[in-house]
Amino acid sequence: KKLKRDKKGVNHLKIYRSQKINGDWTDAVEVPFNSDDFSTGHPALSPDGKLLYFVSDMPGSIGQTDIFVVDVLDDGTFSDPRNLGPEINTERKEMFPFVNEEKLYFSSNGHVGLGGLDVFEVAFDEENGFQEVKNLGQPINSNKDDFSYIVNEKNQKGFFASNRRGGKGDDDIYSFKRLVVEEVPENLNAIAGVVTELVTGELMPKALVTLLDENNIKLKEMQAEDDGSFLFEDLEGNTKYKVKITKGDYFDEEVSVTTKDNELVQTEVALRRLKEMIAVEDGIRKLKTEMIYFDFDKSYIRKDASEELDKLVQVMTEYPNMVIKIESHTDSRGPRVYNQYLSERRAKSTRDYIISKGIEARRIQSAKGYGEERLINECNGRVRCTEVKHLLNRRSEFIIVNM
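Heads up: the sequence shown at position 30 corresponds to 30 in my numbering, and the numbers run straight through without jumps.
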């Protein structure tokens, strides 16, 4: 067939069909859902011949390439293409479908994986449709591209392609045999994830990834791959872990992950730039934290407040010339004189906490309490307010005096 280019000079892929009649193949003809304006490819026919899965970037796609399906009708014609939906397709690439009696297999770089294209499986239920998408894990998947997976469910043998290290060319074909249950290694528990930038969603390579137990004891440490992926293997099942991500110019981020029973658990961690915490409000530079709130009539630092103060300490460490003022406030309940005293205690406890984390005292110009002078809502004692509204007034704020 002569190649046809679109207006941008692109040759699009097309699917053709040929039938075997009396031992001979008929001439190949295009399927009706081809187009000169987009590609169709990677056809995969269901075992009963009633469904044809394929890949396309046709209108209605969710990402760069999606998996679609058409019904193959009794007269040999096709239904209109249907997108498999956001449970299968992501904003990136889904490709190379293969379907058998039990599951749909495909490759994707949009679902969380080990890096590049990974092979995924998803079971189909007549009542509920597609179930949870699962990563096949190692050794099928690597931190490179893994695709074109096929398997014979009877003898458990199959093939796939990959450009992983150790191959003989760009893309090599690998064979495998799936182990029977008795041969499966005892420990398949692992945590796989990817590090991204919070605002742009871009992948974050070379971040330091630390695995901690519930008591914050370091168990393992690694550097994220070039595509932001990381993998911790040989873990305990049904156990709570913490994954901590550290990268220069970004806030440290920590997520809790609980392993399952012999399964790969996936997570994603988004990092926020330190400089995004510096804001200008009404011409005044401030450190833009979540508000540092206090319990009613108390001045101790709550756990949620300590987490925010730790971020503030991280910014001040990154900017060694930064000097701040601390301003603490109360709500309107209680005598005005007592509220003034309470806000001074809150300012002092906030200052003491920051200094305890290694910030020199000279870098805190002042720590002042304002009592109920600067309420941020209508809760002035003459209006009935909820506890949540009163809480908004019990806060500490941070003014940048010098950078």
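The C-beta atom is built at its ideal place from N, Cα and C for all residues, glycine as well.
- Along the chain, where does the alpha helix (DSSP H) that runs through residue 316 open and close? 303 to 318
- Message: Tell me the DSSP secondary structure of residue 361 in three-state form.
- Response: helix
- Query: Is the region 272 to 288 in contact with the region 147 to 161, if contact means three or more CB pairs nearer than 8 Å?
  - Reply: no
- Message: Can you tell me whether residue 105 is buried or exposed? The criterion is at least 16 other CB atoms within 10 Å of its CB, across all chains shown.
- Response: buried
- Task: Count the other C-beta atoms from every protein chain shown that fall within 10 angstroms of the C-beta of residue 281, then say buried if there are 16 or more, exposed otherwise.
- Result: exposed
- Find the nearest neighbour of residue 65 within the set 40, 82, 93, judged by alpha-carbon distance. 93
- Message: Are the CB atoms of residue 214 and residue 240 within a distance shorter than 8 Å?
- Response: yes
- Query: Are residue 15 and residue 29 closer than 8 Å when you measure CB to CB?
  - Reply: no
- Query: If you draw a straight line from the alpha carbon of residue 268 to that of residue 318, how long is it in whole angstroms?
  - Reply: 25 Å
- Roughly how many angstroms separate the alpha carbons of residue 389 and residue 70, rounded to a whole number? 55 Å
- Task: Entirely within the region 37 to 73 and at least 3 residues each: give me those beta strand (DSSP E) ranges in chain order.
- Result: 40 to 45, 51 to 56, 66 to 71
- Message: Measuring only the C-alpha atoms, how far is residue 415 from residue 312?
- Response: Outside the shown range of the chain (1 to 403) lies residue 415, about which nothing can therefore be said.
- Task: Following the continuous beta strand (DSSP E) through residue 223, name the residue where it begins and the one where it ends.
- Result: 218 to 223
- Would you mind giving the Cβ-Cβ distance between residue 367 and residue 351, rounded to the nearest angstrom? I have them listed as a contact below 8 Å. 4 Å
- Task: Could you work out which residue in 306, 341, 398 is closest to residue 325 when comparing CA atoms only?
- Result: 398
- Task: Return the first residue and the last residue of the alpha helix (DSSP H) that residue 347 is part of.
- Result: 336 to 356
- Task: Counting only runs of 4+ residues fully inside the region 183 to 212, write out the alpha helix (DSSP H) ranges in chain order.
- Result: none
- Does DSSP put residue 402 in a helix, a strand or coil? strand
- Query: Tell me, which residues are paired with residue 369 by DSSP?
  - Reply: 328
- First and last residue of the uninterrupted alpha helix (DSSP H) at residue 405: Any answer about residue 405 is impossible in this case: the structure gives the chain only from 1 up to 403.
- Query: Based on the DSSP secondary-structure assignment, which residues constitute the bridge partners of residue 24?
  - Reply: 21
- Hey, how far is the Cα of residue 187 from the Cα of residue 264? 10 Å
- Message: Three or more C-beta pairs under 8 Å: does that hold for the region 113 to 128 against the region 136 to 150?
- Response: yes
- At what residue ranges does the region 103 to 131 contain a whole run of the beta strand (DSSP E), taking only runs of 3 or more? 103 to 108, 118 to 125
- Note the first and the last residue of the continuous beta strand (DSSP E) segment covering residue 97. 94 to 99
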